[in-house]
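Student: Numbering (our numbering), first residue to last: 84 to 184.
(1) Using the Cα positions of residue 114 and residue 133, report the straight-line distance between them to the nearest angstrom.
(2) So the alpha helix (DSSP H) residue 124 belongs to, where does it begin and stop?
(3) If you drop the 5 nearest sequence neighbours on each side, which residues of the same chain put their C-beta closer than 8 Å to that of residue 144?
(4) Is residue 103 closer than 8 Å to residue 126 when the C-beta atoms are compared?
(5) If you reduce the DSSP assignment to three classes, tell me which class residue 91 lands in.
Right, here's the structure in full:
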């Protein structure tokens, strides 16, 4: 499988990305900006290629909102990890459970 960055350069992803931007009227779905638009995966599924996601799992964002979205995801992941460790749970076991959902 190609790396994620290579997938984002592929023709299938470029086509999918363009469809999502058109669906979202070429505007960031958070702030409404029209420039530098990117398509964000709302969730990631192990083994799926970037262009294989359902349209409902993709959203158009400007670079600032896209960065903010990823920063928020990291904050949530850190909070979850903290609570898992605090309760004495095995983080690897929890990761495997979450990955199977």
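Backbone N, C-alpha and C define an ideal beta-carbon position, used for all residues, glycine too.
Tutor: Looking at the coordinates:
(1) Distance between the alpha carbons of residue 114 and residue 133 is about 24 Å.
(2) Unbroken run through residue 124 is the beta strand (DSSP E), 121–124; no alpha helix (DSSP H).
(3) For residue 144, where only same-chain residues beyond five positions count, the Cβ hits under 8 Å are 111, 112, 113, 120, 121, 122, 123, 152.
(4) Going by C-beta atoms, residue 126 is not nearer than 8 Å to residue 103.
(5) coil
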